[in-house]
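Under full-length UniProt numbering, the residue at position 434 of the sequence shown is numbered 434, and the numbers go up by one with no gaps.
The C-beta atom is built at its ideal place from N, Cα and C for all residues, glycine as well.
Keep in mind that this is a model prediction, so the values were computed, not measured.
Here is the structure we will look at, set down as structure tokens.
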Amino acid sequence: MDTIELEDVQGYIIRAYGNMQFSRFSLLKVNDPVAAKTWINSISNQLTNASIVPKDQLPDTCLNIAFAPAGLNTLGLSQTNINTFSPPFKEGMTTEHRRSLLGDIDSSSPEKWIWGGLNNEPVHLVLLTFGKDENTCLEYYNTLKTGFESHGLEVQKNLDGLSLKDNKEHFGFRDGIAQPNIKGSGRIGPEHNTVNPGEFILGYKNNYKVYPDSPTILEPQGNLNLLAPNPARPGQKDLGKNGSYLIIRQMQQDVEGFWNFMNDCTADKNGTLNQAESVKLASKMVGRWPSGAPLSKFPDKDPGGVSNENDFLYAKDDPKGLKCPFGSHLRRMNPRDNFEMDTPKKSLLLSNRHRLIRRARLYGDPIIGSPTNNKPKGEVGLYFNCFSADISRQFEFLQYTWSNYPKIKQLYSDPDPIIGVVENPEKGQEQQFTLQGDPINKTVKNLKRFVTIRGGAYFFFPSITTIRYICSL
């Protein structure tokens, strides 16, 4: 297996920047391509790479950059070369086809987005600035801003993100636990949770044991000496080597609606709030307890504290879904060794071909939701950021086939209760959540949608070498 060239890979793919409590993602427009390339090249040595850093040497800031198709075109990459990128990246997530795949309808329609949508200016690139706290991040950002504004780059919108205590999100659940381990990254874990680097990093073999499609140079331009040969396309230079695709989705969370629904469904017969049952139902829908503890190991109550437990398998611990329901959000997104009627070995093989590396950042009032604490001040939500080498096979497949599609694991009217529910279902369309039971199942009827998409885009997340190549155009 090839060793990953960690010093050339932008760090956010492999490193979660866990000590970076604040971030600013700046959506930038290129007004002067020549000046912009001069500035981007000048900060290329500041970009954070994926090399392993000891905990006592973690930096106070991190910096990465990604490009949308319109940005690559404006910076001088020819349309012929842009055409070698994957179709989802080239077409974007607002086409009619992708709106259908992703379920971006009703209040989540791209016509209503505040950035990246059909009524917004095209995004050119995104500058990702991180800091150990808000002041550190913004001081670093303002230094960068002085440079990029004087070099033909204009801020379209800033997406400010933060991390909450114990890495919880606004509904109140610990997030970011079940990340896949990438072979060759220097980070190890259980074999069943380990994937080949080509699942996330272009230029390496994936879990099919082939090289993923990677953008190449068909029309010579720029300093081609900077680029490596494409191993899957002899004679062509590899634009994607050590890069990836970054998906950003701004997801508004209805914290009050979420907990009111749980409270109403679990109230005692006299209408009294039953906090324990409310938390239990919410946890069944999510697939873990608020602490992060897996239901398959702790089926009855949250053990409390902070859990990073990820070394478990459903076929062994919960084959019938009696602990963690088949339709729960996290079990759907990663069925592990218990997909449909497949054997554990085949299930793992399939599951690990549809993984994502997730990098969520929160925005708005830093509320950690619960049955009694669910009224945030203003809009709250998260920036769902994830990486994949194949947008269609990974991100879009998960959203359409395992989230939005209501027929899964002998369920017939069960969309993903967290991100797959339709806001305005058609007449007669049932949306329910099934709790597997012995001897009979229970169902929660008339699910509500608690997440609204407010913006989004697909980005190319190049290697540091490719960034320098782009600046040579």
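Other residues of its chain near residue i: CB distance less than 6 Å, five sequence neighbours each side excluded
i: Ala353; result: Reading off the sequence, residue 353 comes out as Arg, not Ala. Around Arg353: Asn207.
i: Ser108; result: Thr452, Ile453
i: Leu350; result: Phe339
i: Asn374; result: Val255, Glu256, Trp259
i: Leu125; result: Leu28, Phe67, Gly71
Per-residue burial, residue i [other beta carbons within 10 Å of its own, 16 or more giving buried]
i: Leu246; result: buried
i: Ser42; result: exposed
i: Tyr412; result: exposed
i: His97; result: exposed
i: Ile440; result: exposed
i: Val306; result: exposed
i: Val279; result: buried
i: Ile114; result: exposed
i: Pro462; result: buried
i: Asn142; result: exposed
i: residue 477; result: Since the first residue shown for the chain is 1 and the last is 473, residue 477 is missing from the structure and cannot be characterised.
i: Gly428; result: exposed
i: Ala68; result: buried
i: Val210; result: exposed
i: Val155; result: exposed
i: Thr48; result: buried
i: Thr80; result: exposed
i: Ile408; result: buried
i: Thr343; result: exposed
i: Ser150; result: exposed
i: Leu239; result: buried
i: residue 480; result: The displayed coordinates of the chain run from 1 to 473. Any statement about residue 480 would go beyond what the structure contains.
For residue j and residue i, the rounded distance between their alpha carbons
i: Pro319; j: Phe298; result: 15 Å
i: Asp133; j: Lys346; result: 44 Å
i: Ser403; j: Val422; result: 11 Å
i: Asp268; j: Asn64; result: 50 Å
i: Leu227; j: Val123; result: 26 Å
i: Cys62; j: Gly161; result: 14 Å
i: Ile217; j: Val195; result: 28 Å
i: Asn242; j: Asp8; result: 7 Å
i: Leu281; j: Pro406; result: 19 Å
i: Glu169; j: Arg249; result: 15 Å
i: Leu447; j: Pro290; result: 20 Å
i: Leu273; j: Pro417; result: 22 Å
i: Glu191; j: Glu309; result: 15 Å
i: Pro212; j: Lys237; result: 15 Å
i: Thr136; j: Leu128; result: 14 Å
i: Asn73; j: Gln46; result: 24 Å
i: Asp438; j: Met341; result: 19 Å
i: Ser296; j: Leu102; result: 29 Å
i: Ile188; j: Pro180; result: 10 Å
i: Glu105; j: Arg99; result: It is Ile, not Glu, that sits at residue 105 in the sequence shown. Looking at the two C-alpha atoms, the distance is approximately 7 Å.
Nearest-angstrom Cβ-Cβ length linking residue i and residue j, presumed shorter than 8 Å
i: Leu330; j: Arg359; result: Their Cβ separation, rounded to whole angstroms, is 16 Å, which puts Leu330 and Arg359 out of contact at 8 Å.
i: Thr434; j: Pro335; result: With a Cβ gap of about 16 Å, Thr434 and Pro335 do not count as contacting.
i: Gly11; j: Ala50; result: 5 Å
i: Asp337; j: Leu313; result: 5 Å
i: Ser26; j: Asn158; result: 5 Å
i: Phe130; j: Met20; result: 4 Å
i: Lys445; j: Gln432; result: 5 Å
Close-in-space but distant-in-sequence residues of the same chain around residue i (CB under 7 Å, 5 per side omitted)
i: Lys377; result: Asp365
i: Phe397; result: His354
i: Asp166; result: Arg174, Val306
i: Phe200; result: Ile13, Ile182, Ser244, Ile357, Phe387, Ser388, Ala389
Three-state class that DSSP yields for residue i in the structure shown
i: Pro229; result: strand
i: Cys324; result: coil
i: Asp56; result: helix
i: Tyr17; result: coil
i: Asp238; result: strand
i: Thr94; result: coil
i: Gly257; result: helix
i: Leu246; result: strand
i: Pro87; result: helix
i: Trp402; result: helix
i: Ser296; result: coil
i: Thr136; result: helix
i: Ile408; result: strand
i: Thr61; result: strand
i: Gln432; result: coil
i: Trp113; result: coil
i: Gln79; result: helix
i: Gln221; result: coil
i: Ile467; result: helix
Own chain residues within Cβ distance below 8 Å of residue i, not counting five before or after
i: Leu473; result: Lys37, Leu75, Gly76, Leu77, Gln221, Gly222
i: Ile391; result: Ser86, Pro88, Phe89, Tyr245, Ile247, Tyr458
i: Leu362; result: Gly161, Leu162, Ser163, Leu164, Glu169, His170, Val380, Gly381, Leu382, Tyr383
Proximity test, Cβ basis, 8 Å: residue i and chain D
i: Gly116; result: Given the protein chain composition of this structure (a single chain), no chain D is represented.
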